[in-house]
Structure formats: C-alpha cells, structure tokens
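Using the UniProt record's numbering, you'd call the opening residue of the sequence shown number 1 and step up by one each time.
Shown next, in structure tokens, is the structure this report addresses.
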Amino acid sequence: MESDFSDDQDGSTGDRFETVRRLAIEVLAQRGITVAPGDNDARGDDHLVDRDGYEYWLYNVQKKCALLQPHEWAHAVHEHFDHILQGRNAAPVTMLSDNDLQRQIRTRLNPPIPPEKMTSTYARPAFDGLVVELNRDLPTSVQTIVDQQLDGHDVDLLFQIGQRNTDAEPMDIERMDHGVVVLMGDSFFIASKVLNMPALIDTVFGGSAPLGVIFSVPQRSLVLLHAVGPQVMEALQWIVPVTIGQASEAAGPISPDTYYWHNGRVQRITQRNVDGDATGILIEGPFADAIDRVAAQAQG
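Written out as structure tokens, the structure reads:
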C-alpha cells in the first residue's frame with residue numbers, strides 16, 4: 001500500500017524535500033529496510049544508508065518529483081525504489097559470463113563527482129571536469145560498476161564495448177531552427193553519446209561538420225547540437241538558455257555549460273558567475289578561430 005499524502009499541501013520546494021524524504025524512509029521500511037542519514041546527507045541531496053551499508057541517494061527522485069504534482073510523489077517514490085531493489089536482485093557482475101557483461105555494459109557521462117561520493121577509482125576524465133564511469137543497463141534499473149567488480153577484466157576493452165553499446169542506444173532526432181539538433185530518448189545514456197563525437201556527427205550531420213560542433217549535455221537523456229556554420233550565433237542564443245534550464249530542472253543533470261568540439265578537443269564556451277552558473281558566451285581560442293572562418297566564408 002502506498003503512503004498517504006495530503007493533496008492540500010502546496011508542493012513548495014521545502015514541502016517536497018521533506019515529504020519525498022519521509023516517503024523514501026517509509027517505502028524502504030515497508031520493504032524491511034531501515035535507513036539512517038549517511039555521512040553526506042544534505043537537504044535536497046539526501047543520503048541514506050541501511051544496516052548492510054547500502055546507500056540510497058534521493059537526488060534523482062527529488063528532481064523527478066519536482067516535475068510532478070504533490071499527489072503523484074508517493075507513486076514516484078515507490079516506483080523509484082521498486083526499480084532499485086529489482087536491480088539489486090540481478091546476478092552480480094562476478095557471476096556473469098563475459099558475453100553477458102558485455103551486453104549490459106554502457107559508458108555513462110557524469111557531472112564532476114566529489115571525492116566522498118566516488119564509487120570507483122577506474123572512472124576516467126571526459127572534459128571540463130566531467131567523468132566517465134561504466135554502468136550496467138538492466139531491465140528496470142541502471143547500476144554503476146565499482147572497482148572490485150572489474151577484477152580480472154580488461155577495463156580498456158570494457159570502455160570500448162561500453163561506448164559501442166552507448167552509441168547504439170535508440171534516440172529521437174529533432175531538427176530545430178538555426179541548425180540546432182535535439183537528441184533525446186528514454187535511455188540514461190543519450191548524453192554519453194557525445195563521448196564518441198565522430199560517430200554522432202556521422203549519424204546526425206552525415207559526417208560533415210568541418211568547423212566542428214557546439215553541443216551541450218544538460219541532463220542524461222538530452223543532447224543539443226549544432227554544426228558550426230553561418231547560423232552559429234543564433235544557434236547559441238537558443239542552446240545556452242535551454243541548456244541552463246534543463247540542467248537545473250530535469251532529473252539526471254550533467255552540465256549547464258555549452259561546449260565546442262573540433263578534431264577531438266572540447267572547449268567550454270560559456271562563462272560562469274561566482275555561483276558557477278553559465279551566464280554568457282566566450283569567444284576565444286579554437287572557437288574564435290572557427291567563428292573567424294565562418295565570417296571569412298561569408299565574405300567569399
């Protein structure tokens with residue numbers, strides 16, 4: 001039976017933080033799991049730990065509930081933990097054949113991870129502080145692979161196979177004004193496709209982006225792209241605010257910034273204020289060179 005929630009609450013952020021946390025504790029208790037605050041517990045970024053040491057971070061379910069009506073929160077919390085606990089019953093990595101593991105493995109792009117939240121030492125830098133980890137893609141959940149699960153495995157090979165599987169994740173492609181392309185889908189790994197930008201350029205632009213691309217990864221299931229050309233500034237005026245909004249509102253946020261990719265190099269092209277928020281466009285370095293080439297081509 002799902003926990004009750006009074007419809008007369010106004011759904012404010014304070015109410016949501018407290019209610020989702022209470023619902024999470026109740027839902028786990030209904031499943032025989034008692035939790036207490038973890039070392040990194042914080043309001044809105046709740047960290048709970050059970051008696052066996054399993055950790056429960058509520059950030060994603062808090063973000064999901066922020067997009068729902070208050071009367072929908074209880075169902076969302078139940079569903080969240082149903083998926084987590086079903087995934088826990090999956091065969092451990094150490095019991096999988098190489099073929100089974102290789103079918104499940106995915107690369108996943110993550111925001112900068114504070115040392116106290118790191119679950120692996122094998123994680124690799126991507127760009128601008130973002131990191132790449134390996135995940136298992138299970139029918140009802142996604143699991144981060146930790147160090148001890150990789151004993152005896154060729155980690156380089158797993159990253160290669162994981163990226164290949166991530167590249168193959170289904171996605172929807174929507175073409176907007178000013179040459180902006182939106183990639184989205186139900187997968188947790190859509191944003192991780194940018195880790196193989198040449199393949200993405202082949203898929204989206206037919207392999208043609210001689211001046212590079214601007215892109216953003218505001219959250220795990222969304223990529224915004226533009227092949228640099230005559231409409232690049234108009235594209236940026238669309239991409240930058242959408243990216244900031246999605247990074248602050250959607251579940252699974254990755255980065256509020258917009259980037260420039262060319263020949264394997266990534267450059268952040270949005271500047272940040274003292275709070276770390278993206279506030280404007282930086283035209284310098286390789287990106288400035290690309291803008292100059294666009295201008296030169298326009299002049300003939």
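All C-beta atoms in this analysis are idealised placements derived from N, C-alpha and C, irrespective of residue type, glycine included.
This structure is a prediction, so every number in the text was calculated from the model and none was measured.
Query, Result
"Contact between the region 217-224 and the region 191-206 is defined here as three or more beta-carbon pairs at a separation below 8 Å; is this criterion met?", "yes"
"Assuming alanine 24 and tyrosine 56 form a contact by the criterion Cβ under 8 Å, report the distance between their Cβ atoms to the nearest whole angstrom.", "7 Å"
"For valine 155, count the other beta carbons within 10 Å of its own beta carbon; 16 or more makes it buried, fewer makes it exposed. Which is it?", "exposed"
"Between arginine 120 and valine 146, which are expected to be in contact by the criterion C-beta below 8 Å, what is the C-beta distance as a whole number of angstroms?", "It should be pointed out that residue 120 corresponds to serine in this sequence rather than to arginine. Contact holds; Cβ gap of about 5 Å."
"Report the start-end ranges of each beta strand (DSSP E) in the region 74-156 that is 3 residues or longer and not cut off at the edges.", "105-110, 131-137, 142-144"
"Going along the chain, which residues of its own chain have a beta-carbon closer than 8 Å to the beta-carbon of isoleucine 161, five neighbours each way excluded?", "Gln102, Ile105"
"Extract the residue ranges of the beta strand (DSSP E) inside the region 250-278, only unbroken runs of 3 or more that lie entirely within it.", "258-262, 265-268, 270-272"
"Of the residues His153, Glu18, Val232, Gln30, which one's Cα is nearest the Cα of asparagine 99?", "His153"
"From the DSSP output, in three-state form, read off valine 42 for me.", "Correcting the residue identity first, residue 42 is alanine in this sequence and not valine. Alanine 42 falls in the strand class under three-state DSSP."
"With the cut-off set at 9 Å, would you say threonine 258 and isoleucine 269 are in Cβ contact?", "yes"
"Among Arg88, Val77, Pro114, Leu157, whose alpha-carbon lies nearest the alpha-carbon of glutamine 143?", "Arg88"
"Count Cβ pairs between the region 74-85 and the region 161-181 that sit closer than 8 Å; are there 3 or more?", "no"
"Kindly identify the DSSP beta-bridge partner or partners of methionine 184.", "Asp172, Leu222"
"Between glycine 252 and phenylalanine 188, how many whole angstroms is the CB-CB distance? I'm expecting something under 8 Å.", "7 Å"
"Alpha carbon to alpha carbon, what distance is there between arginine 108 and valine 27?", "28 Å"
"If you check the beta carbons only, do glycine 44 and phenylalanine 17 fall under 9 Å apart?", "yes"
"Identify every residue that forms a DSSP beta bridge with glycine 280.", "Gln271"
"Return the bridge partner residues of aspartate 167 from the DSSP annotation.", "According to DSSP, aspartate 167 bridges with nothing at all."
"So what does tryptophan 57 bridge to, in DSSP terms?", "His47"
"Is the distance from the Cβ of leucine 183 to the Cβ of alanine 126 below 9 Å?", "no"
"Which of the three DSSP states is assigned to serine 216 in this structure?", "strand"
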